[in-house]
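Chains as they are written, first to last, in the numbering used here: chain A, 1 to 113; chain B, 1 to 115. Note that CB positions come from ideal geometry on N, CA and C, so glycine has one too. Bear in mind the structure is a predicted one, so any value in this text is a computation, not a measurement.
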């Protein structure tokens, strides 16, 4: 069965620190990869996605992620976080029909001013 | 703005009392999904509609049913809620078609409490 692992459940950073959130998936075929963010009290929103092409994808709000096929990874990065980045981040993979998503357990990020 | 709307945002029901959650969308997407998300866990797909075709996940309990009367609306019915069904229920939509993958758009969720 396909699965998605997010290594860090809770991350605490100070403003301006760099961020990297790990995501690994288990599926050997073609995958589409996503990072969603859920700000406090809000709905899940797409940060970025990888379907094909350049493995380094850029998303909204200065986030980027790199798809490394050999490592089955799709880590999320941001060079300098802000207090407003406090949220829960979910990695997800879509490998089947009907665009069904398999989510990781999420990483709660708290950014202190 | 086109969006996915869920009502109510908070629902309290009693153990064993049927409850219905609703989702509507203005995106005109042909695929709609229902997810269950328990505290500190990943959203888990319950089922989805591709147009009018209903697709149940293998491990979704029979207690959960769904209806999609038209493109815009989709309902989640929990016939006899148990304490373990307390969760956030998320509705999502996407444009489906062929082998192309599209992102899903999520509603704000309905938080269900079972007393």
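Closest by C-alpha distance to residue i, when choosing among the options
i, options, result
"residue 78 (chain B)", "B:32, B:91, B:35 and B:62", "B:62"
"residue 71 (chain B)", "B:86, B:106 and B:94", "B:94"
"residue 29 (chain A)", "A:85, A:70 and A:88", "A:70"
"residue 38 (chain B)", "B:81, B:86 and B:31", "B:86"
"residue 89 (chain A)", "A:58, A:110, A:54 and A:52", "A:110"
"residue 33 (chain B)", "B:114, B:109 and B:113", "B:109"
"residue 41 (chain B)", "A:76, A:10, A:80 and A:82", "A:10"
"residue 102 (chain A)", "A:23, A:54, A:84 and A:12", "A:23"
"residue 105 (chain A)", "A:42, A:72 and A:35", "A:35"
Neighbourhood of residue i by C-beta, 6 Å cutoff - its chain only, sequence neighbours within 5 removed
i, result
"residue 78 (chain A)", "19, 62 and 63"
"residue 20 (chain B)", "75 and 77"
"residue 30 (chain B)", "51 and 96"
"residue 10 (chain B)", "111"
"residue 50 (chain A)", "33, 57 and 67"
"residue 88 (chain B)", "37, 109 and 111"
Boundaries of the beta strand (DSSP E) in which residue i is found, first to last residue
i, result
"residue 20 (chain B)", "19-25"
"residue 81 (chain A)", "No beta strand (DSSP E) contains residue 81 (chain A), which DSSP labels as neither H nor E."
"residue 112 (chain A)", "107-112"
"residue 43 (chain A)", "Per DSSP, residue 43 (chain A) belongs to no beta strand (DSSP E) and is neither H nor E."
"residue 54 (chain B)", "53-56"
"residue 58 (chain A)", "56-58"
"residue 11 (chain B)", "10-13"
"residue 5 (chain A)", "3-6"
"residue 20 (chain A)", "19-21"
"residue 38 (chain A)", "32-38"
"residue 113 (chain B)", "110-114"
Chain-order list of residues whose beta-carbon lies under 7 Å from that of residue i (same chain, five-residue window excluded)
i, result
"residue 56 (chain A)", "64 and 66"
"residue 12 (chain B)", "113 and 115"
"residue 17 (chain A)", "81"
"residue 7 (chain A)", "22"
Secondary structure of residue i, DSSP reduced to three states
i, result
"residue 70 (chain A)", "helix"
"residue 75 (chain A)", "strand"
"residue 119 (chain A)", "Nothing in the structure corresponds to residue 119 (chain A), since chain A is present only between 1 and 113."
"residue 61 (chain A)", "helix"
"residue 83 (chain B)", "helix"
"residue 15 (chain A)", "coil"
"residue 3 (chain B)", "coil"
Counterpart residues of residue i in DSSP-defined beta bridges
i, result
"residue 77 (chain B)", "B:20 and B:65"
"residue 93 (chain B)", "B:32 and B:105"
"residue 46 (chain B)", "Residue 46 (chain B) is not bridged to any residue."
"residue 94 (chain A)", "A:32 and A:101"
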